[in-house]
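In what follows, a structure is listed as structure tokens, so that the remarks can point back to it.
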Ligand SMILES: Cc1cc2nc3c(=O)[nH]c(=O)nc-3n(C[C@H](O)[C@H](O)[C@H](O)COP(=O)(O)OP(=O)(O)OC[C@H]3O[C@@H](n4cnc5c(N)ncnc54)[C@H](O)[C@@H]3O)c2cc1C
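Protein chains in written order, with this note's numbering: chain A, 1 to 409; chain H, 410 to 511.
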């Protein structure tokens, strides 16, 4: 009997368990999934929680419910991976593996910036990338009467790179509906050289910030937060004052990756971008936010990766060459406020462009263009996530590799 | 589009970033720097070469990368290329500026 261990039962780990159990003979392969938490969060919902669009209950479920029968679920903290010995150390036991899938994701590391996680953390400085942060921010926004709000992004890469921009757009709508938009000054602060960094996008979407009267500060590489004077300060000495700072802190892989000597500076695991095999250990595969591949860190990406990775694991077990198939495919809805959204579909090589999706010429969804239907798509994503994505079901008409059909290239 | 920089015809995007690194040379870099108001010194070139090596090795460029580079610290990076150091230095180096997904 051989052992396959999946580390992490988030989006990617859960999908892999569902893909692999029916494909591996129970008499030959045992599958174990390890995660420290009981709750599985729908992270894309953290964008909506602060604005009272989703409730707490809508973004969390019991993780174990999504793990198929015949897979052992161990709710424990992973302490260390010993890749040379094919062993994983949990808080109070060790597991041996023949094949390992790392799906430990990424998480915020506000302590990377001096003064960020200090006396004002969760008072007038918030993140919305965690359940706790998004909830605390919701409570703050319910009573906030206005002032200068900064929507800030610390450094790339972050998961769901468009989320901070979406947050700024939704904030505009939220304050308008509350009737206090004139009392709130919203500014988007980014270390990049624009809110939109790709030519196709800045041309098609540049109007959005102006239309919503959202200020923009670019090239801002934050060095510290001044808690006494409520300022963020960059390495060039530039200072921006705020009353409410909504920040996306540095995103890093879990510390277990660092402890195991398996990661880069940000604890992401060096991974072949097309096969998803670890670059250093052939019986280790990596999926989702835990990899260092230059794709977006998104649930949709993990979904496409999972299909390729499933095939590659079966090939690996049969001693056959792996398929260098994964193309970086990502498919993301971007909320723009006022019940509208955009849709982008792209990969490692192809930048987002206009077009129709998923049926070329027909749509019904439009790429890189605001529409009400795209907004319904974004809201439907929650149902798709719990009922299709996690269960490893293919999404009709949407293939693992990006299609160029229907795109204006 | 094509444009003439320092006597060579090169392909650039709308913002003036070279699209094909093989068309780059130091004279072109110097000219782009001049347009950005920067007078290149040996120290500037060391940084430019480091950036080009990173891009060749498929490593994403970031401020954190500068911190860990061992070549220079972030304060010096700002002093050499004031304003938006990554944006300006990559343009001089003939490599793409760091991007997000949109
Ligand atoms: C605000 C926000 C909005 C988003 N919006 C979208 C969107 O619209 N569309 C989209 O596609 N994606 C979106 N995403 C991104 C998406 O949620 C992630 O890309 C996806 O969840 C990644 O899956 P994963 O399995 O790699 O990591 P996760 O789902 O984060 O799972 C990692 C798991 O590993 C476990 N783990 C880690 N370390 C240990 C350890 N040492 N011991 C035990 N367990 C451990 C964790 O407990 C966790 O359960 C959004 C994310 C955020 C934060």
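For glycine and all other residues, C-beta sits at the position ideal for the given N, C-alpha and C.
Span of the beta strand (DSSP E), counted from its first residue to its last, around residue i
| i | result |
| --- | --- |
| residue 398 of chain H | Within the shown structure, residues of chain H are numbered from 410 to 511, placing residue 398 of chain H beyond reach of any answer. |
| residue 122 of chain A | First-last for residue 122 of chain A: undefined, no H or E at that position. |
| residue 238 of chain A | Unbroken run through residue 238 of chain A: none, as it is neither H nor E. |
| residue 364 of chain A | 363 to 367 |
| residue 413 of chain H | 411 to 414 |
| residue 461 of chain H | From DSSP, residue 461 of chain H is part of no beta strand (DSSP E) but of the alpha helix (DSSP H) over 451 to 465. |
| residue 436 of chain H | From DSSP, residue 436 of chain H is part of no beta strand (DSSP E) but of the alpha helix (DSSP H) over 435 to 444. |
| residue 35 of chain A | 29 to 35 |
| residue 60 of chain A | 60 to 62 |
| residue 186 of chain A | 184 to 189 |
| residue 3 of chain A | 2 to 7 |
| residue 71 of chain A | 71 to 75 |
| residue 39 of chain A | 39 to 41 |
Residue burial classification, residue i (beta-carbon count within 10 angstroms, cutoff 16)
| i | result |
| --- | --- |
| residue 448 of chain H | exposed |
| residue 433 of chain H | buried |
| residue 173 of chain A | buried |
| residue 431 of chain H | exposed |
| residue 261 of chain A | exposed |
| residue 37 of chain A | exposed |
| residue 277 of chain A | buried |
| residue 409 of chain A | exposed |
| residue 396 of chain A | exposed |
| residue 383 of chain A | exposed |
| residue 378 of chain A | buried |
| residue 220 of chain A | buried |
| residue 188 of chain A | buried |
| residue 43 of chain A | buried |
| residue 373 of chain A | exposed |
| residue 294 of chain A | exposed |
| residue 399 of chain A | exposed |
| residue 290 of chain A | buried |
| residue 207 of chain A | exposed |
| residue 94 of chain A | exposed |
| residue 446 of chain H | exposed |
| residue 179 of chain A | exposed |
| residue 450 of chain A | Residue coverage of chain A in this structure runs from 1 to 409, which leaves residue 450 of chain A outside it and unanswerable. |
| residue 45 of chain A | buried |
| residue 491 of chain H | exposed |
| residue 267 of chain A | buried |
| residue 370 of chain A | buried |
| residue 236 of chain A | buried |
| residue 22 of chain A | exposed |
| residue 2 of chain A | exposed |
| residue 466 of chain H | exposed |
| residue 410 of chain H | exposed |
Proximal residues of chain D, C-beta to C-beta of residue i below 7 Å
| i | result |
| --- | --- |
| residue 219 of chain A | Looking at the structure shown, chain D is missing, and the protein chains on hand are A and H. |
Whole-Å CB distance - residue i paired with residue j, under 8 Å assumed
| i | j | result |
| --- | --- | --- |
| residue 155 of chain A | residue 472 of chain H | 6 Å |
| residue 214 of chain A | residue 222 of chain A | Not confirmed; about 19 Å, so no contact. |
| residue 322 of chain A | residue 331 of chain A | With 8 Å as the limit, residue 322 of chain A and residue 331 of chain A do not qualify as a contact, their Cβ atoms being about 24 Å apart. |
| residue 47 of chain A | residue 335 of chain A | 7 Å |
| residue 502 of chain H | residue 457 of chain H | 5 Å |
| residue 57 of chain A | residue 135 of chain A | With 8 Å as the limit, residue 57 of chain A and residue 135 of chain A do not qualify as a contact, their Cβ atoms being about 12 Å apart. |
| residue 243 of chain A | residue 148 of chain A | 5 Å |
| residue 6 of chain A | residue 286 of chain A | Rounded, the Cβ-Cβ distance is 11 Å, inconsistent with contact. |
Endpoints, the alpha helix (DSSP H) within which residue i is located
| i | result |
| --- | --- |
| residue 383 of chain A | 372 to 384 |
| residue 158 of chain A | Neither: residue 158 of chain A is in no alpha helix (DSSP H) and is coded neither H nor E. |
| residue 511 of chain H | Residue 511 of chain H -> no alpha helix (DSSP H), and no H or E assigned at all. |
| residue 496 of chain H | 494 to 502 |
| residue 174 of chain A | 163 to 178 |
| residue 483 of chain H | 483 to 489 |
| residue 476 of chain H | 472 to 478 |
| residue 181 of chain A | Looking at the DSSP string, residue 181 of chain A is not in any alpha helix (DSSP H), and its letter there is neither H nor E. |
| residue 16 of chain A | 11 to 20 |
Pair every Cβ in the region 191 to 207 of chain A with every Cβ in the region 501 to 511 of chain H, then say whether three or more of these pairs are closer than 8 Å. With contact defined as three or more Cβ pairs closer than 8 Å, the region 191 to 207 of chain A and the region 501 to 511 of chain H are in contact.
Which runs of the beta strand (DSSP E) at least 3 residues long sit entirely within the region 198 to 252 of chain A? Give them in chain order. For the region 198 to 252 of chain A, whole beta strand (DSSP E) runs of length 3 or above, ordered along the chain, are 215 to 217, 222 to 226, 231 to 234, 239 to 241 and 244 to 248.
Contact between the region 345 to 362 of chain A and the region 183 to 193 of chain A: three or more CB pairs below 8 Å? Flag = no, the region 345 to 362 of chain A and the region 183 to 193 of chain A do not touch.
How do the region 86 to 100 of chain A and the region 37 to 56 of chain A stand: do at least 3 beta-carbon pairs fall below 8 Å, yes or no? At 8 Å Cβ cutoff, the stretches do not touch.
State whether the region 224 to 231 of chain A contacts the region 104 to 120 of chain A, with contact taken as three or more CB pairs (one from each stretch) at a distance under 8 Å. Enough Cβ pairs lie closer than 8 Å, so yes.
Is it the case that the region 122 to 140 of chain A contacts the region 67 to 75 of chain A, given that we only count it when at least three CB pairs across the two stretches are under 8 Å? Between the region 67 to 75 of chain A and the region 122 to 140 of chain A, the count of Cβ pairs shorter than 8 Å is below three; the stretches do not touch.
Are there three or more Cβ pairs, one per stretch, closer than 8 Å when the region 136 to 150 of chain A is compared with the region 300 to 313 of chain A? The answer is no - the region 300 to 313 of chain A does not touch the region 136 to 150 of chain A, with fewer than three Cβ pairs under 8 Å.
Pair every Cβ in the region 13 to 33 of chain A with every Cβ in the region 57 to 74 of chain A, then say whether three or more of these pairs are closer than 8 Å. Verdict: yes, contact present.
Check whether the region 4 to 23 of chain A touches the region 381 to 390 of chain A, taking contact to mean three or more Cβ pairs, one atom from each stretch, closer than 8 Å. Touching, per the Cβ criterion.
Sufficient close CB pairs (3 or more, under 8 Å) joining the region 413 to 420 of chain H to the region 357 to 375 of chain A: With a cut-off of 8 Å, the region 357 to 375 of chain A and the region 413 to 420 of chain H do not count as touching, because too few Cβ pairs lie within range.
Segments of 3+ residues assigned as beta strand (DSSP E) that fall wholly inside the region 274 to 362 of chain A: Listed in chain order, the beta strand (DSSP E) elements of length 3 or more contained wholly in the region 274 to 362 of chain A are 284 to 286, 330 to 337, 340 to 346 and 355 to 359.
With a threshold of 8 Å, are at least 3 pairs of Cβ atoms found where one atom belongs to the region 158 to 174 of chain A and the other to the region 241 to 251 of chain A? Segments in contact, yes.
Counting only runs of 4+ residues fully inside the region 78 to 157 of chain A, write out the alpha helix (DSSP H) ranges in chain order. With a minimum length of 4 residues, the continuous alpha helix (DSSP H) runs that stay inside the region 78 to 157 of chain A are 131 to 143.
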